[in-house]
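For the sequence shown, the tail end lands on 503 under my numbering, and the numbers increase by one without skipping. Every residue gets a Cβ at the ideal spot worked out from N, C-alpha and C, and that includes glycine.
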Amino acid sequence: MQHFFILGKTPDLSIVELREMFIKKTSKPGASWRRPGESVLIVDSQKEFDHEAIIKRLGGTVKVGKIVKQLNRLQEIEPQVITQLILNHVSLEKKIYFGFSPEGGTDPKFCSASYRSEGVFKKLGLAVKKGLKDKGISSRFVTSKDKSLSSVVVQKNKLVSPRGIELVFIFDREQVFIGQTLAVQDFKDYSFRDYARPSRDLRVGMLPPKLAKMMINITGLNFDKVILDPFCGGGTILQEALLMGYEQVIGGDINQNMLGGALNNLSWIKAKYNLLDLSRHYQLYRSDASKLSQVVPHGSVDGIVTEPHLGPPLTGKENAKQLVRVTSELSELYVGAFREFKKVLRKDGVVVMVWPVFISNHSRPSPKHPQAGRLSIDILPQVEKLGFESVLQKEQPDLAKTTDRGSIIYSRPDQWVAREIFKFRVKKS
Numbered sequence: 075m076q077h078f079f080i081l082g083k084t085p086d087l088s089i090v091e092l093r094e095m096f097i098k099k100t101s102k103p104g105a106s107w108r109r110p111g112e113s114v115l116i117v118d119s120q121k122e123f124d125h126e127a128i129i130k131r132l133g134g135t136v137k138v139g140k141i142v143k144q145l146n147r148l149q150e151i152e153p154q155v156i157t158q159l160i161l162n163h164v165s166l167e168k169k170i171y172f173g174f175s176p177e178g179g180t181d182p183k184f185c186s187a188s189y190r191s192e193g194v195f196k197k198l199g200l201a202v203k204k205g206l207k208d209k210g211i212s213s214r215f216v217t218s219k220d221k222s223l224s225s226v227v228v229q230k231n232k233l234v235s236p237r238g239i240e241l242v243f244i245f246d247r248e249q250v251f252i253g254q255t256l257a258v259q260d261f262k263d264y265s266f267r268d269y270a271r272p273s274r275d276l277r278v279g280m281l282p283p284k285l286a287k288m289m290i291n292i293t294g295l296n297f298d299k300v301i302l303d304p305f306c307g308g309g310t311i312l313q314e315a316l317l318m319g320y321e322q323v324i325g326g327d328i329n330q331n332m333l334g335g336a337l338n339n340l341s342w343i344k345a346k347y348n349l350l351d352l353s354r355h356y357q358l359y360r361s362d363a364s365k366l367s368q369v370v371p372h373g374s375v376d377g378i379v380t381e382p383h384l385g386p387p388l389t390g391k392e393n394a395k396q397l398v399r400v401t402s403e404l405s406e407l408y409v410g411a412f413r414e415f416k417k418v419l420r421k422d423g424v425v426v427m428v429w430p431v432f433i434s435n436h437s438r439p440s441p442k443h444p445q446a447g448r449l450s451i452d453i454l455p456q457v458e459k460l461g462f463e464s465v466l467q468k469e470q471p472d473l474a475k476t477t478d479r480g481s482i483i484y485s486r487p488d489q490w491v492a493r494e495i496f497k498f499r500v501k502k503s
C-alpha cells in the first residue's frame, strides 16, 4: 500500500517527524519512498493505518491519503478516467463534491509546468463535471485561488466526507500518482489551542503548538517516557505532550510569572479537553536552568524538548555589534543548560531544542545567499565536549535536507529571529 503526505511550511522538518512517527516503524525493510516535490512524500507501508489518527499525531503534515491510481504517461490524465475514479470512491446518494490538487513535478525535463498549471486542472474539472451530469449525477467542482486546495478548503467543502473527494495529482518524472485525501490537519483545533488559551505573552514570543508537537515527535520517545522542558514559558510543549498522551511531563522556568501562565494554560487545557486526571501527569518548578540538577533528580529524564530564551525582541535595526552581544549572552546560558542536561538525562537521553538565528536588515537571506545577514549561536563544539552528539543530519541520511550545521531552520520571511532546530543524543560512553 502506498500512502502520500502533503507536508507543511517547513517540509524537511515534517519529514524528520514522519520518519520518527511513521516511516521507520511501519514501512517495509528496504521499502521505497519518493519525494517528487518539496512538499510531498510517497511511502510504501506494510499495512493499512488510521489516517485520522496519524494526522492527529503529526504536527507538520497537512494532508494524508492513499494512492488510488498510477499513470505511466502524463497524457493518460483524461476526463473519463478521472470521472470513473471519482465514481469508485464516493457515495452517490446525493450531490457529490470533488476537487483537484497538483503536487510535485519539479523537474521540467520530465514534467512541463503546463501539466501542473491551474488552467489545465480547471479544464479537467469542468469536463469531469459535464461527464457526471451526463450520467445524471449532480456535482460541485471545488476550486480556490491557489493552485492546490488547502486543508481548510478541503475540510469546509466536504472533500473528506463520504460524498466528496479530493484527488491529488503527484507528478514524478514521467509518472503521475493519483491520491485520495483521507484526512486533513485540524486547523481549527490548533488555532484554538494557540490563540484562545488564557495566558499569552507576545513580548517573549510564542512557540506554535504545531512546532511544539513536531519537536516532541522528533524525540522518538514513547508515551511512558519522561519529558522535560526547562524553559517552559507559557507551557506550550507541556500542553502538547499531555494532549498527545505522555504520562509524565516536567516544566520549569526561572520566571514566576511564566510559571503562573503555564499553570493557567494547563488548567484551561484540562477543562476544555475534559482531562480530569491531567494534574497527576505534570510537575512545575521554579529554577534557573543552570541549576537544573538541584530540582530534577539525576538520570531521571528521557527527553528534553525546549525553546529557551531567544533574546530580546528585535526590530531589524540592530547592528552587528548588538547582535554579537546577544549571541554571546545566550551562548553562555545554553552551555550552562547543557551542562545540567547531561546530569538529569538518562544514558540514552535525547534533546530537541530551538536556537535563535538573528537576521539583520542590512543583508537579508536569499535563495542564492541563504546565510546572508544571519548570525547563529556557535556553541556546537562546547556542547559536544559536554557529552552530546548532534544527530539530526546523521539520522536523516536520505530523507530531509539539513544545514551545514546539521539543523533545520523554521522561519517566516518577515521574521528577524528564525528558529534553528537541533536534535542531540547523549554520547555513549
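For His-77, collect the residues of the same chain with a Cβ closer than 6 angstroms to its Cβ; drop the 5 residues on either side in sequence, then sort them by chain order. The residue labelled residue 77 in the question sits at position 3 within the sequence shown. Same-chain partners within the cutoff: Val-117, Ser-119, Lys-140.
Of all the beta strand (DSSP E) runs that stay within the bounds of the segment 347–391, which reach a length of 3 or more residues? 356–360, 375–380
Residue interval of the alpha helix (DSSP H) (run including Ala-411): What you label residue 411 is simply residue 337 of the sequence shown in a count that begins at 1. It spans 394–418 - the alpha helix (DSSP H) in which Ala-411 sits, taken as one unbroken run.
Is it the case that the segment 127–136 contacts the segment 280–288, given that we only count it when at least three CB pairs across the two stretches are under 8 angstroms? yes
List in chain order: all unbroken beta strand (DSSP E) runs of 3+ residues lying wholly within the segment 147–180. 170–178
Using 8 angstroms for Cβ pairs, my map puts Leu-352 next to Leu-407. What's the rounded Cβ distance? By one-based count along the sequence shown, residue 352 stands at place 278. By one-based count along the sequence shown, residue 407 stands at place 333. Separation of the CB atoms of Leu-352 and Leu-407 is rounded to 31 angstroms, and the pair is thereby denied contact status at 8 angstroms.
How is the alpha helix (DSSP H) around Ser-265 delimited, first residue to last? Taking the sequence shown and counting its residues from 1, the one referred to as residue 265 is at position 191. From DSSP, the alpha helix (DSSP H) with Ser-265 extends over 261–269.
Does the beta carbon of Gly-238 come closer than 8 angstroms to any beta carbon on chain C? Of the protein chains in this structure there is only one, and it is not chain C.
Between the Cα of Asp-298 and those of Cys-306, Gly-319, Glu-314, Gly-308, spot the shortest distance and give me the residue it belongs to. One-based indexing of the sequence shown puts residue 298 at position 224. Closest option to Asp-298, Cα to Cα, is Gly-319.
Mind reading off the beta-carbon distance from Val-142 to Gln-254? Whole number of angstroms is fine, and I expect it under 8 angstroms. Walking along the sequence shown from the start, residue 142 turns up at place 68. Walking along the sequence shown from the start, residue 254 turns up at place 180. That pair is a contact at about 5 angstroms.
CA nearest to the CA of Ser-218, picked from Lys-459, Lys-209, Val-228: Counting from 1 along the sequence shown, the entry for residue 218 is found at position 144. Comparing Cα positions, the closest option is Val-228.
Does DSSP put Val-68 in a helix, in a strand, or in coil? The question about residue 68 has no answer here: the residues shown for the chain are numbered 75 through 503.
Range of the contiguous alpha helix (DSSP H) that encloses Thr-310: Position 236 of the sequence shown, counting from 1, holds the residue named residue 310. 310–318 is the span of the alpha helix (DSSP H), which, as asked, contains Thr-310.
Helix, strand or coil at Leu-333 according to DSSP, with G and I counted as helix: For the purposes of this step, residue 333 is identified with residue 259 of the sequence shown, where counting begins at 1. Correct three-state label for Leu-333: helix.
Could you give the first and the last residue of the continuous beta strand (DSSP E) run that contains Val-216? Taking the sequence shown and counting its residues from 1, the one referred to as residue 216 is at position 142. It spans 213–216 - the beta strand (DSSP E) in which Val-216 sits, taken as one unbroken run.
In the DSSP assignment, what are the bridge partners of Ser-144? Position 70 of the sequence shown holds residue 144. Sequence inspection shows Gln at residue 144; the Ser mentioned does not correspond to that position. For Gln-144, which the question treats as bridged, DSSP gives the partners Phe-251.
Using DSSP with H/G/I as helix, E/B as strand and the rest coil, what is Phe-245? Residue mapping note: residue 245 aligns to position 171 of the sequence shown, counting from 1. Reduced to three states, the DSSP call for Phe-245 is strand.
Does DSSP put Leu-454 in a helix, in a strand, or in coil? Locating residue 454 in the sequence shown gives position 380, counting from the first residue. DSSP places Leu-454 in helix when its eight states are reduced to three.
Counting C-beta neighbours from all protein chains within 10 Å, is the total for Glu-122 16 or more, i.e. buried, or is it exposed? On the sequence shown, residue 122 is found 48 positions in, with the first residue counted as 1. Classification of Glu-122: exposed, given that the 10 Å Cβ count is below 16.
With three or more C-beta pairs closer than 8 angstroms as the rule, is the segment 238–247 touching the segment 262–281? no
For His-125, list the residues DSSP reports as bridge partners. Along the sequence shown, one-based indexing puts residue 125 at 51. Under the DSSP definition of a beta bridge, His-125 lacks any partner.
Counting C-beta neighbours from all protein chains within 10 Å, is the total for Ser-222 16 or more, i.e. buried, or is it exposed? Counted from its first residue, the sequence shown places residue 222 at position 148. Buried, since its Cβ has 16 or more Cβ neighbours within 10 Å.
CB Gly-410 to CB Ser-450, shorter than 8 angstroms? The count along the sequence shown starts at 1 and reaches residue 410 at position 336. The count along the sequence shown starts at 1 and reaches residue 450 at position 376. Contact flag unset, no.
When DSSP labels each residue in this structure, what does Pro-439 get in the three-state scheme? In the sequence shown, counting from the first residue as 1, residue 439 sits at position 365. Per-residue confidence for Pro-439 stands at a pLDDT of 49, beneath the threshold of 50, marking its modelled position as unreliable; the derived number appears in the next sentence. It is coil, neither helix nor strand.
Below 8 angstroms, can you find three or more Cβ-Cβ pairs linking the segment 76–90 to the segment 468–475? yes
Outcome for His-372 when other beta-carbon atoms lying within 10 angstroms are tallied against a minimum of 16: The count along the sequence shown starts at 1 and reaches residue 372 at position 298. An exposed status is given to His-372, since fewer than 16 other beta-carbon atoms sit within 10 Å of its beta-carbon.
Cα-Cα separation, Pro-176 to Val-425: The residue given as residue 176 occupies position 102 in the sequence shown. The residue given as residue 425 occupies position 351 in the sequence shown. One C-alpha to the other measures close to 37 angstroms.
So the candidates are Ser-503, Ser-405, Ile-290; which of them puts its Cα closest to the Cα of Glu-91? Here residue 91 refers to the residue found at position 17 when the sequence shown is read from its first residue. Of the listed residues, the one whose Cα sits closest to Glu-91 is Ile-290.
Taking the C-alpha atoms as reference points, what is the distance between Leu-200 and Trp-107? Translated into positions along the sequence shown, residue 200 becomes position 126. Translated into positions along the sequence shown, residue 107 becomes position 33. Spanning the two alpha carbons is a distance of roughly 33 angstroms.
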